[in-house]
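Taken in sequence, the protein lines are chains U and V. Read left to right, the first sequence gives residues 2 to 256 (this note's numbering). Read left to right, the second sequence gives residues 26 to 235 (this note's numbering). Ideal Cβ placement from N, Cα and C applies to all residues, glycine included. Right, one structure below, let's go through it.
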Amino acid sequence: MTLAVRVIPCLDVADGRVVKGVNFRDLRDAGDPVELARQYYLQGADELTFLDVKATVDNRSTMYDVVARTAENVFIPLTVGGGVRTVDDVGRLLASGADKVGVNSAAIARPELLSDISGRYGAQVLVLSLDITRSPSTRSGFVVTTHGGRQETTLDALEWAKRAIELGAGELLVNSIDADGTKDGFDLELVAAIRALSSVPVIASGGAGRVEDFAPAIAAGADAVLAASIFHSGEVLVSEVKTDLARHGYPVRTL
Amino acid sequence: MSRKTVVVFDYGTGNIHSAIKAVELAGATVELTRDKQKCAQADGLLVPGVGAFAAVMEALNAVDGGEIIDRRLAGSRPVLGICVGMQVMFENGVEGGVDTQGLGEWPGTVRKLNAPILPHMGWNNIDAPKDSVLFDGLHDERFYFVHSFAATDWTLDVMPPFPAPKVTWAEHGERFVAAVENGPLCATQFHPEKSGEAGIRFLKNWLATL
């Protein structure tokens, strides 16, 4: 008996609409996150992630509604990230139907936020989102960034990851800013470095361009793989990724 | 056949949206309430639970949860515990050095799993008895788990004429109890409401026993 590696499509959502090109042929409304989530569910996605890319106050309430409607007909775990700043934000997302909540910059500014959230709701709801780039400025050569990678912090990515786990993060979403958008595959060195220090599950993100890109991320130590555009473009189905992972001997959930 | 009624026990635990919708999809009429009479009268009572064992027990105790569950079981009225809603059916739970008394429906302790990576998060397969009613047709399916604590022993002996409990196991670092079918009291460590179509079928199997 073994735990299956998870394949997770990620949807960027703003004002209740999916942003970034979604190109499914059979969709009535390719911009509706609820319908798209349902499609991925039927394709065999193991989890779904919504990223609230705007996260303004108005947009927030729209997001709660999207989450609630999705949870009504998608029976897999749902993670929501983007703009989560307080324990109350987490409470509202969970009450709307999210199973896990992704926290990023707010935890950099105020690390106690992590212990506050896990103390209140448990580590299993708390995903620490890490946007990481390579930089000579830190000891490990990996630095944490904010603002979608445009702004470097002074935090060594590996030290921050370790501290976040101590504070109560239940999972790490490791997004390589360098690999993101390249379609050249995941940053395997980064995944391996995080795996080496992490006692919690690790999700590899950023860089997937082909079906063959996923198995190396698992080999590098990821427990799950996350991708957006490769799935949205319709180039690759979730089931095709799983077939390739299974071909490499990794356990996957099949429908 | 009229639709079965299920009450999802509303004692203030986390995400219950999907539990309600999943049980509805499985074919029941569902109500979210803590009303004692409604909890007693429904064909089935579903006890969800997320977060820390101690916090869930505190929330349950605040609304006489133990009494509501005990009364149902005394009258052979079905109860289904999910995740921490299963864990609290055991005698006690040990989390972070804190030992909390559970509802004590079953002997045994819930403690941290001995595994290199925790939480145990994701889709795992299960080892269900062949004659399991709840896993009928589902023995080869995976179910969604998210937890760090579990019961790793099952010690309850039941004497005839009562049927022996059916215990389903899973493994993450070590073997642990993934589900129990014990007369009117059933429970799962995994989340059927997050386990896709397999989870819905599991809930259908449970509804069929009500």
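**OP:** For A47 (chain V), go through chain U and note every residue whose CB falls closer than 9 Å to its CB, in chain order.
**Re:** Under the 9 Å cutoff, chain U gives F76.
**OP:** Please classify L43 (chain U): is it buried, with 16 or more other beta-carbons within 10 angstroms of its beta-carbon, or exposed?
**Re:** Looking at its Cβ environment, which holds fewer than 16 other Cβ atoms inside 10 Å, L43 (chain U) is exposed.
Original post:
Which runs of the alpha helix (DSSP H) spanning at least 4 residues fall entirely within the segment 158-216 of chain U, listed in chain order?
Top reply: DSSP runs (the alpha helix (DSSP H)) wholly in the segment 158-216 of chain U: 158-168 and 189-198.
Original post:
Should P73 (chain V) and T234 (chain V) be called a contact, given that it needs their Cβ atoms to be closer than 8 Å?
Top reply: Against a cut-off of 8 Å, the Cβ pair of T234 (chain V) and P73 (chain V) comes out as no contact.
Subject >> Interface positions of the segment 189-220 of chain U facing chain V (Cβ-Cβ less than 7 Å), listed along the chain >> reply: Cβ contacts with chain V: S200, V201 and P202.
**OP:** Would you list, in sequence order, the uninterrupted beta strand (DSSP E) runs of no fewer than 3 residues that lie entirely inside the segment 47-82 of chain V?
**Re:** Whole beta strand (DSSP E) segments, 3+ residues: 54-58 and 69-72.
Original post:
For G118 (chain V), which residues of its own chain have a beta-carbon under 8 Å away from its beta-carbon, when the five flanking residues on both sides are left out?
Top reply: Closer than 8 Å at Cβ, skipping near neighbours: F78, A79, M82, Q112, D124, T125, G127, T134, V135, R136 and F174.
**OP:** Under the assumption that D188 (chain U) contacts G210 (chain U) (Cβ atoms under 8 Å), give the Cβ distance between them as a whole number of angstroms.
**Re:** Distance from D188 (chain U) to G210 (chain U) at the Cβ level is roughly 13 Å; contact not present, criterion being Cβ atoms closer than 8 Å.
Subject >> The alpha helix (DSSP H) enclosing W179 (chain V), as first and last residue numbers >> reply: Segment: none, W179 (chain V) is in no alpha helix (DSSP H) and carries neither H nor E.
**OP:** Can you grab the Cα-Cα spacing for the pair L232 (chain V) / V205 (chain V), in whole Å?
**Re:** Looking at the two C-alpha atoms, the distance is approximately 15 Å.
**OP:** Indicate whether D53 (chain U) and I9 (chain U) have their beta-carbon atoms separated by less than 8 Å.
**Re:** Contact flag unset, no.
Original post:
What is the rounded straight-line gap between the Cα of G224 (chain V) and the Cα of S136 (chain U)?
Top reply: Between the alpha carbons of G224 (chain V) and S136 (chain U) lies a gap of roughly 45 Å.
Subject >> Within-8 Å CB hit, Q125 (chain U) to chain V >> reply: Chain V, which has a Cβ nearer than 8 Å to the Cβ of Q125 (chain U), makes this yes.
**OP:** Return no unless some Cβ of chain V is closer than 8 Å to the Cβ of R7 (chain U).
**Re:** When Cβ-Cβ separations below 8 Å define contact, R7 (chain U) makes contact with chain V.
Original post:
Which residue comes first and which comes last in the alpha helix (DSSP H) that contains D132 (chain U)?
Top reply: Taken as a continuous stretch (DSSP letters only), D132 (chain U) belongs to no alpha helix (DSSP H), being part of the beta strand (DSSP E) at L127 to R135.
Subject >> Three or more C-beta pairs below 8 Å linking the segment 30-40 of chain U and the segment 67-86 of chain U >> reply: Segment contact: the segment 30-40 of chain U against the segment 67-86 of chain U, three or more CB-CB distances shorter than 8 Å; contact assigned.
Original post:
Under a CB-based cut-off of 8 Å, is R93 (chain U) close to chain V?
Top reply: It does not: the Cβ of R93 (chain U) has no partner Cβ on chain V nearer than 8 Å.
Subject >> For T58 (chain V) and Q66 (chain V), the rounded distance between their alpha carbons >> reply: Each residue's CA atom was taken as its position, placing Q66 (chain V) and T58 (chain V) some 12 Å apart.
Original post:
Where Y36 (chain V) and V55 (chain V) are concerned, what is the direct C-alpha to C-alpha distance, given to the nearest angstrom?
Top reply: Whole-angstrom Cα-Cα distance: 15 Å.
Original post:
Distance, Cα to Cα, E222 (chain V) vs I41 (chain V)?
Top reply: About 18 Å.
Original post:
alpha helix (DSSP H) containing M111 (chain V): first to last residue?
Top reply: Where M111 (chain V) is concerned, the enclosing alpha helix (DSSP H) stretches over V109 to Q112.
Subject >> Rounded straight-line distance, which links the Cα of A170 (chain U) to that of E113 (chain U) >> reply: Between the alpha carbons of E113 (chain U) and A170 (chain U) lies a distance of about 11 Å.
**OP:** Could you please give me the residues that DSSP links to D152 (chain V) through a beta bridge?
**Re:** Beta-bridge pairing by DSSP links D152 (chain V) to V:W194.
**OP:** Taking only beta-carbon positions, decide if H172 (chain V) is within less than 8 Å of chain U.
**Re:** For H172 (chain V), the nearest beta carbon of chain U is closer than 8 Å to its own beta carbon.
Original post:
In terms of DSSP beta bridges, what is D13 (chain U) paired with?
Top reply: Per DSSP, U:L52.
Original post:
Would you say V167 (chain V) reaches chain U, if we count a Cβ-Cβ gap shorter than 8 Å as a contact?
Top reply: Contrary to the premise, residue 167 (chain V) reads as Arg rather than Val in this sequence. R167 (chain V) counts as touching chain U.
Original post:
Which partner residues of R136 (chain V) appear in the DSSP bridge assignment?
Top reply: In the DSSP assignment, R136 (chain V) forms a beta bridge with V:A175.
Subject >> 8 Å Cβ cutoff met for L115 (chain U) and L173 (chain U) >> reply: No; because the gap between Cβ atoms is not below 8 Å, this pair is not in contact.
Subject >> Assigned secondary structure, Q214 (chain V) (DSSP; H/G/I helix, E/B strand, else coil) >> reply: Secondary structure of Q214 (chain V) (DSSP, three-state): coil.
**OP:** Could you check which residue in V:P188, V:N207 and V:F170 has the C-alpha nearest to that of A5 (chain U)?
**Re:** Among V:P188, V:N207 and V:F170, the Cα nearest to that of A5 (chain U) belongs to V:F170.
Subject >> Interfacial residues, the segment 65-76 of chain V to chain U, with Cβ spacing under 9 Å >> reply: Listed in sequence order: V75 and G76.
Original post:
Under 8 Å between C-beta atoms, does D53 (chain U) make it to chain V?
Top reply: By this cut-off, D53 (chain U) is not an interface position.
Original post:
For chain V, is any of its Cβ atoms less than 8 Å away from the one on E73 (chain U)?
Top reply: Interface residue, yes.
Subject >> Distance, A99 (chain V) Cα to F115 (chain V) Cα >> reply: Going from the Cα of F115 (chain V) to the Cα of A99 (chain V) covers about 17 Å.
**OP:** Give a yes or no on whether 8 Å exceeds the smallest Cβ distance from L163 (chain V) to chain U.
**Re:** By this cut-off, L163 (chain V) is not an interface position.
Original post:
Roughly how far, in whole angstroms, is the beta-carbon of G17 (chain U) from the beta-carbon of T57 (chain U), given that I think they are within contact range, below 8 Å?
Top reply: Taking 8 Å as the upper bound for CB-CB distance, G17 (chain U) and T57 (chain U) are not in contact here, some 12 Å apart.
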